[in-house]
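Novice: Chains as they are written, first to last, in the working numbering: chain A, 8 to 292; chain B, 367 to 519; chain C, 47 to 477; chain D, 97 to 486; chain E, 14 to 276.
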Amino acid sequence: MGAEGNVLVSVPPKEHMAPLPVRVLKSHRELADTWTLELDSGPLGAKFAPGQFNMLYVFGVGEIPVSISGDPLNTSRWIHTIRSVGLASAALCATKSGEMVGVRGPYGTCWPMEAAEGNDLLFVCGGLGLAPLRPAILTALRLRERYGRIAVLVGAREPTALLFEKELHVWRGRFDVQVEVTVDSAGRGWFGEVGWVTRLIDHVRFDTDFTYAMVCGPEIMMRLAARDLVERGVAAENVFLSLERNMKCAIALCGHCQYGTTLLCRDGAVLPYSRVASWLGIREL
Amino acid sequence: MKDLSEIIASHPFFSGLDSNYVDLITGCARNVKFSAGDVIAREGQPSTEFYVLRHGRVAVEINAPARAPLVLRTASEGEVVGWSWIFPPHRWQFDISAVTLVRALAFDGKCLRAKCDADPKLGYDMMRRFAQVAASQLQATRLQLLDLYGGRG
Amino acid sequence: MSDKTRRIDVNYLARVEGEGAFHLVLRGSEVVDAKLRIYEPPRFFEAFLRGRDFREAPDITARICGICPVAYQMSAVHAMEDAAGVKIGGPLRELRRLLYCGEWIESHTLHVAMLHAPDFLGYESAIHMAKDHPDVVSRALALKKVGNEIVALVGGREIHPINVKVGGFYRVPSRNELRALIPRLEKAFAEAITLGQWVSTFDFPDFSFDYEFVSLRHPTEYPFNEGRIVSNRGLDIAVADYEKHFQEQHVAHSNALHSVRVGAGPYHVGPLARFALNSDKLPTHLKDFAKNAGVWPVCTNPFKSIVVRAIEVIYACDEALRIVRSYEEPDGPAVSVDPVDAEGFACTEAPRGSLYHRYRLDKGGLITDARIVPPTSQNQKTIEDDLRRLVPTMPTDNDELLQWRCEQAVRNYDPCISCATHFLRMNVVRQ
Amino acid sequence: MKNPEASIPATHPSPYFVRFDIEGLKRLIETLKQEGYEVLGPTVRDGAIVIEPIESVSQLPCGVGDEQSGGRYRLTQRSDRSRFGYAVGPTSWKRFLFPPNRLLWRATQHERGFSVETPPVDSQRRAFVGVRGCDLAAIRIQDRVFCGGANPDPDYVSRRKQTFIVAVECGSPVQTCFCTSMGTGPAIGDGFDIRLTEIPDGENPYYLGLAGSEYGAQLLSQIDAIQVNESEFAERNAILASAAAQITRHLDPDHARAVILENPEHSRWDEVASRCLTCGNCTQVCPTCFCSTVDDVTDLTTGVAERSRRWDSCFTMEHSHVHGGAVRRSPRSRYRQWLSHKLGSWWEQFGTAGCSGCGRCIVWCPVGIDLTEEVAYLATKRDAPPEDAP
Amino acid sequence: MAAAKPKLAVWKFASCDGCQLTLLDCEDELLSLTHHIHIANFLEASREVVPGPYDLSLVEGSITTNHDAERIQKIRQSSRFLVTIGACATSGGIQALKNYADTDEFIRYVYASPGYIKTLSTSTPISSHVTVDYELRGCPISKTQLLEVINAFLTKRRPAIPDQSVCMDCKAKGTVCVMVSKGTACLGPITHSGCGALCPSYDRGCFGCYGPQGSANTTGLSARLKSVGLTDDQLVRVFRTFNAAAPAFHDAGLAHERQNETN
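1) Would you please state the rounded distance, in angstroms, between the beta carbons of C:R96 and C:D415? I believe it to be under 8 angstroms.
2) Say whether chain E places a C-beta atom closer than 8 angstroms to the C-beta of D:C372.
3) Does the beta-carbon of D:D289 have 16 or more other beta-carbons within 10 angstroms, so that it is buried, or is it exposed?
4) Which residue marks the beginning of the beta strand (DSSP E) containing E:N54, and which one marks its end?
5) Quick check on the burial criterion: 16 or more other C-beta atoms within 10 angstroms. Buried or exposed for C:T422?
6) Measuring CA to CA, which of A:A56, A:G58, A:L38 and A:Y64 is closest to A:L46?
7) Just verifying my parser: in three-state terms, what is the DSSP assignment at D:C385?
8) Any beta carbon from chain D within less than 8 angstroms of E:Q177's own beta carbon?
9) On the DSSP bridge assignment, give the partners of C:K50 in chain order.
10) By DSSP, does E:K25 sit in helix, in strand, or in coil?
11) Any Cβ of chain B within less than 8 angstroms of the Cβ of A:C272?
12) Near B:C477, which residues of its chain fall below 6 angstroms by C-beta distance, leaving aside the five closest residues on each side in sequence?
13) If you draw a straight line from the alpha carbon of E:L71 to that of E:R84, how long is it in whole angstroms?
14) Write down every uninterrupted run of the beta strand (DSSP E) in the stretch 163-226 of chain D whose length is 3 residues or greater and which is fully enclosed by it, in chain order.
15) Can a CB atom of chain A be found closer than 8 angstroms to the CB of E:R170?
16) Is the CB of B:S442 under 8 angstroms away from at least one CB in chain G?
17) Assuming the contact rule is C-beta atoms closer than 8 angstroms, E:T77 and E:E148 should be a hit. Round their C-beta distance to whole Å, please.
18) If we define contact as Cβ-Cβ less than 8 angstroms, is A:L260 a contact residue for chain E?
19) Chain E partners of C:S246, CB-CB under 7 angstroms?
20) Thinking A:T189 and A:E172 are a contact (beta carbons under 8 angstroms), I'd like their distance in whole angstroms, please.
21) Just curious, the alpha helix (DSSP H) that D:P250 is in, first and last residue?
22) Which residue marks the beginning of the beta strand (DSSP E) containing A:Y219, and which one marks its end?
23) Taking the alpha-carbon of C:P312 as reference, which of C:F255, C:F335, C:L156 and C:D326 has the nearest alpha-carbon?
24) Would you call C:S121 buried or exposed, if buried means 16 or more other Cβ atoms sit within 10 Å of its Cβ?
25) Within the same chain, show all residues whose beta-carbon is closer than 6 angstroms to that of B:H377, passing over the 5 residues directly before and after it, in chain order.
26) Report buried or exposed for A:L80, applying the criterion of at least 16 other Cβ atoms within 10 angstroms of its Cβ.
27) Who are the neighbours of E:I107 on chain C, taking C-beta pairs under 7 angstroms?
28) In its own chain, which residues sit with a C-beta less than 7 angstroms from the C-beta of C:E430, not counting the 5 before and 5 after it?
29) Buried or exposed for B:P454, going by 16 or more other Cβ atoms inside 10 Å?
30) If the criterion is Cβ atoms closer than 8 angstroms, does the pair D:G450 and D:W442 meet it?
31) So, helix, strand or coil for C:M440, using DSSP?
32) Does A:R230 have its Cβ less than 8 angstroms from a Cβ in chain B?
33) Check each residue of the stretch 176-194 of chain D: if its Cβ is closer than 9 angstroms to any Cβ of chain E, include it; give the result in chain order.
34) Per the contact definition of three or more C-beta pairs closer than 8 angstroms, is the stretch 315-324 of chain D in contact with the stretch 185-196 of chain D?
35) Which residue spans inside the stretch 139-190 of chain A form an unbroken alpha helix (DSSP H) run of at least 4?
36) Find the residues of chain B that neighbour A:H210, judging by a C-beta separation of less than 9 angstroms, and give them in chain order.
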């Protein structure tokens, strides 16, 4: 038929844009405005790499990208931690167990867990940024022997906005991982740190020649954290960030998530600082 | 037990300080200890000292009526608290309290000022160290004010 | 209760276009005061038309009324062409009639089925009526839709069409585009007859009055865009003489000023007037229909205006079919009309009655003076008089019924307050 | 994606290279229709040459030429009866492979959830008649976008496979063309089923047809045609050489790529933003721009939710919308995004430039902004270092 | 079931009624819509007035009197969502032309008894008076967009109504650009889409009835319009039609007025 020879694909592709309706198994409120949904991953299972995201759809309301915050070993359910900020995320947060949402994914690049083996690991998380890093932290803790020192640095707005607080306590209880938490402001009852998250970098020891840092949080925080880390001697190619732009298709067809020369849904969202450093300073990129 | 000047020389805040100056300022220093909850300084009180933290954490707080004191920042081992000793009117701008058991070096501001006045090179060195602390704290404060952690969905 | 003064206040007159109210003051069965009040805020079209280009008038005046924008556009273009001495004939003239047919079908059906019929059957609205008469309402909506389709095709869109231009149109439809309407128009024609038959069966109050009917009259056609202004009391004038014969007058019992015929008093424009003065121009089948419906050749019962409106819907479907079937594409979508230093007049037949426009232009084509008289302001005095005459015929002990019937009497005129407000020289009363 | 063959015509006529006249073209179109193809070709409508379904050769423009410049397009009368004597018009072929609107799926609510159905992909056979070198290159650029990744677009793939391409080499470029810079024309090397070269020849133009696929050869064999001779072949080369010589606009893609990415803060972006209307016309007429967005709609009365896709543009504020607002708020940043994507980052993303040199973005920009001019400016007049600033 | 239906109210201020008529023009959808929503207050269609609060209020028209300025406050208080419909409600409408004139002179010109007329000297959009949840553009609004807004608000999603230029629709439709191919003055590039790029498909330049798009570069377009022969005087009128008081058009109108005076 016709110019078939020119077309690069021979197998009829499926409609990747259609969500798979799945049942919400559990909905759990994490914070005042943040919920964790556990979704039945169905027969295909929740196979993903730490750092990847899914597109979640609420019937009639819309679809948004949400990073996967579950343990990669648990393939029976998709776990997503969502903050209610817009109409779609609010609708997702409002779903009850037993209801259905649409899922498609996983998409995007992942945290460099394998490349980082043999190195010290620094996880720098701001706010909800802990959610996309959680699968990486869980993986690192499970494969603890493959890494050097591990530190989890967490910044939050205030003590009540601290995500996964119980889990942070559990991690902190281990002797082989350092967990440091700071908040922007706190009352008297808070016995932890108050201050900007990158200050925590000074509190941990790591070998700058053998350190991988994985940073996730608001773009300003990631930019400054990455700069601090590089100033302290960590190689820019070993510092990884998870960036965010508008996303509609998540399969590199719609052009919305362009950042610098990349399409974030395909080339990101996790990218090395060495690749994005020059773009981070450009306004309105 | 370590000699006071050794402690000063090995503290990150004084790293690189000329050993003559270490000896010179040791005369203004003393070891102090606070228990968790102790008030180290009160807003408005004369600021006669500053603290170089050796262990534990202190909170810089502000008191507001009808609400619990707000912690503006914390400082831990390796950091320094207090720069009101440098500038008139030498009063604390905030409350300082110990969050944990705190061990620190307390420096007598008047004593150190006199030494700095006498030796402007020392004065310049001290001013630089405190200016850097002030600048980084100011920057961090600005970022905290941005209330950045919204919106990542 | 005979001598006690009572007030019937309908503060928000429903199922009319725009915001109006009426107030009756009664002493026994005597009407002391009857006022149709308009609290719709003024919008000053005539004022801001000054200084605008004459080619802008059709688009700007359309915004006077979203219900009958075509009427405003038609009066505006004809007045401008009158000023320029240009006369549009052939297919362009036919297309203008067709566009008007669309508006009549749309606007009349809206009024007949959705706004007025519920009065006769005792419903709050057509939506309530649809619960018991779903078929009638949905068929009427389908009929109305065909009217809108004509306006959308010829005019570009249903409300505030964009295709009407001084000199013709911006683009004319192809023969095929128009012919595609035929099946739907044929169906609409049949639906219009059904609707007309249905409304003819309503119970009508026994109420009539010997009005002075005023409308356009054209030598050969049921009037839309052209003709002389005539009345059943012998008036027969050119459109340009309108202001010599009609003016606002202060009446003692009302704060409002009303349009009256000089030396004659209040008059009646709209379907009843058009029908009374032009029924001879209707095709035979419609004459027969009118006879069967009991309105031939003149109907003086304003409550039966619903029947006459329905007849005009049938006529509009019929006329639209004729135009669509015989349409030949014109040589160009418009003839050129150059700016002139002149005055132009036009009167066309809006669904609610005669709509008069006058413009004075300067040599650059800018409007220096504008005068617009919409049908509802012409009918206002007659509406109040109807209320005054109606009340004594009603039982005085049932205010609810009285109110309902009075509202219905106002709705007999399909008043368009949005139009009226901008031109009525009257007191605006606020609650 | 430079195609070296495109600019260097073969030296000898190929054995599948035949000559036929307008009757042959007529027969070709008839055959395609008989074979079930919707034939899309150039035709005159509303003062322009647009691409629409055509029934016969008579709907092709005859003796019509064009003048195009920044923000201006006019048809002209040619002295001959050429059917393809003009440059590309406002329509690009992308609308037939990547339609402006498409339903992606429909979800229906039921008792305990919802189910999702996808409409079938488009399976209409279409023949594109009159594809120019620049547009053929543009199709190949979009092929890489829509078919080249891990998740190809099923509708595009289906449409593309059902497309039969009759390319026509360009003998009448306009002053906005720069295909020679992009290596995409005026001659055409490959990527077609049939390639035509129109020799105007006064009242009776004739065509040199080359098959590029077996099916193309099969169709050509069905029309009354004779082998192309050396002189006709020389005529073709002369026409193409003359066309190439008429193209005066230039853009060095490699240089452009570097210059744009190196100058994100150039003051020229502000200057162009003062003229740019952010209307998005350039992106919509561009044969390679592929941005789309989705609309989620629901119908209260039926309980059905739909998602459809429509053409988007990086010139809209919503294009870069994230929670909290748009990233690219200023017109400056949006123009920069477009140009740096088109000529710069496209390379990283898809291995080619995003521009085929058709010039539509220049012509159909209401204010005539010219990307070649902007690139040239960025290249030669870099911002002076701040200390030299007045 | 009936009690659970969301309540819709339609309100009118200074306007032509065309935008609310759009609801009655939804001939195919109106009756099925009433099965799912309760049209609780819509005077143009029904005598029945169900008291508030209302789930969704559609507001037509602009504020031109003190009475209306008070009335809109009450409507806001009784509405969960308030959506303004049409150019009058979103930008002041054509009657905002009086903002650029002497209102007293306007009153004297139109009305015989000027003393009776009580009006503000301005026509202002609803959003100048109360918080508005969504502004639906157009003079008049589009039927499909009205249905979309009603559906969106009642299902709590964002209306699928893009803020983009008319050109985007024009190109999607395949209409040939009248400005580029014929030199016709057209406001399409700076006008908000929604009409379906109607005028250019009728061989006419857009005249801006949906008001300015989100980033309307009026200066850039004016330069182009001058090149096709428009004068400052004409440009004042170009920007001062149905959305004269929308900020971008307002500024452009004033700019050309000033230039016209200097000329």
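Using N, Cα and C, we set each Cβ at its ideal position, and we do this for glycine too.
Specialist: With the given structure in hand:
1) 7 angstroms
2) yes
3) buried
4) H51 to F55
5) buried
6) A:Y64
7) coil
8) yes
9) Note: C:K50 sits in no beta bridge, so no partner.
10) strand
11) no
12) C394
13) 14 angstroms
14) 168-173, 197-206 and 209-213
15) yes
16) In the displayed structure, chain G is absent; the protein chains listed are A, B, C, D and E.
17) With 8 angstroms as the limit, E:T77 and E:E148 do not qualify as a contact, their Cβ atoms being about 18 angstroms apart.
18) no
19) None at all; the shortest Cβ gap to chain E is about 24 angstroms.
20) With a Cβ gap of about 14 angstroms, A:T189 and A:E172 do not count as contacting.
21) P250 to K257
22) T218 to C223
23) C:F255
24) buried
25) V418
26) exposed
27) I106 and R109
28) A80, K81, L82 and S300
29) exposed
30) yes
31) coil
32) no
33) G185, P186, T187 and R191
34) no
35) 172-180
36) S442, E443 and G444
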